[in-house]
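Using the numbering used here, you'd call the opening residue of the sequence shown number 895 and step up by one each time.
Structure record follows, encoded as structure tokens.
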Amino acid sequence: MNLATLTIRGSKEELEIAKAKIPPLPFRSWSCGDSIIASKTYQDFGCVYEIADTDTPIGLTISIEKFLNQLKEQSVNFNKSGLSAELSLGIGVGDDVQFIASLQFSLNTLELLLNCGISIEYSAYPVGEE
């Protein structure tokens, strides 16, 4: 499993403007003051989009570039809007199908990330046989 999500945080007003330009609906949203855990609350507004859930790293990079091009068409730049946006990438490794994995982003994809104001976080996790 190879997963990409986009987390966006910021003011309620700017977040609503950005959400109107992003194709899918977010699968999770929160408001300032909502509980994170029993003793902690969110200090901002935010949402999370699932960008891709693919069988291969190549499929993941293709889906990400397609999504970023959609943002470019809508002239989305989270940084200029006062929002923070992070693309989180999870790569499953250690099974017979994908024992090791790597991601390779083209210069075009890196430029799209920069121009849309999106940072990146990578994680690899072991995949069980079950």
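Don't be surprised by glycine CBs; every beta carbon is placed ideally from N, CA and C.
How far does the alpha helix (DSSP H) with residue i in it reach, from first residue to last?
{"i": "C1010", "result": "L1001 to C1010"}
{"i": "I956", "result": "P951 to E967"}
{"i": "I916", "result": "I916 -> no alpha helix (DSSP H), and no H or E assigned at all."}
Thinking residue i and residue j are a contact (beta carbons under 8 Å), I'd like their distance in whole angstroms, please.
{"i": "T1003", "j": "I958", "result": "7 Å"}
{"i": "L1008", "j": "G904", "result": "Not quite, the Cβ-Cβ distance comes to about 18 Å (not below 8 Å), so this is no contact."}
{"i": "F961", "j": "I945", "result": "5 Å"}
{"i": "S1017", "j": "E908", "result": "S1017 to E908, Cβ: 27 Å. No contact."}
{"i": "Q968", "j": "K906", "result": "Not quite, the Cβ-Cβ distance comes to about 20 Å (not below 8 Å), so this is no contact."}
{"i": "F999", "j": "T950", "result": "Between T950 and F999 the Cβ distance is about 15 Å, and since that is not below 8 Å, they are no contact."}
Apply the 10 Å Cβ neighbour rule to residue i and answer buried if 16 or more other Cβ atoms are within range, or exposed otherwise.
{"i": "A979", "result": "buried"}
{"i": "C926", "result": "exposed"}
{"i": "T935", "result": "exposed"}
{"i": "L983", "result": "buried"}
{"i": "V991", "result": "exposed"}
{"i": "Y1019", "result": "exposed"}
{"i": "A1050", "result": "Since the first and last residues shown for the chain are 895 and 1024, residue 1050 lies out of range."}
Please state if the CB of residue j and the CB of residue i are separated by a distance shorter than 8 Å.
{"i": "F972", "j": "G1011", "result": "yes"}
{"i": "V1021", "j": "V987", "result": "yes"}
{"i": "L1006", "j": "N963", "result": "yes"}
{"i": "I985", "j": "N896", "result": "yes"}
Quick one: give me the first and last residue of the beta strand (DSSP E) that residue i is part of.
{"i": "G940", "result": "F939 to T948"}
{"i": "I994", "result": "Per DSSP, I994 belongs to no beta strand (DSSP E) and is neither H nor E."}
{"i": "I930", "result": "S929 to I931"}
{"i": "L981", "result": "S978 to V987"}
{"i": "S923", "result": "R922 to W924"}
{"i": "G904", "result": "N896 to G904"}
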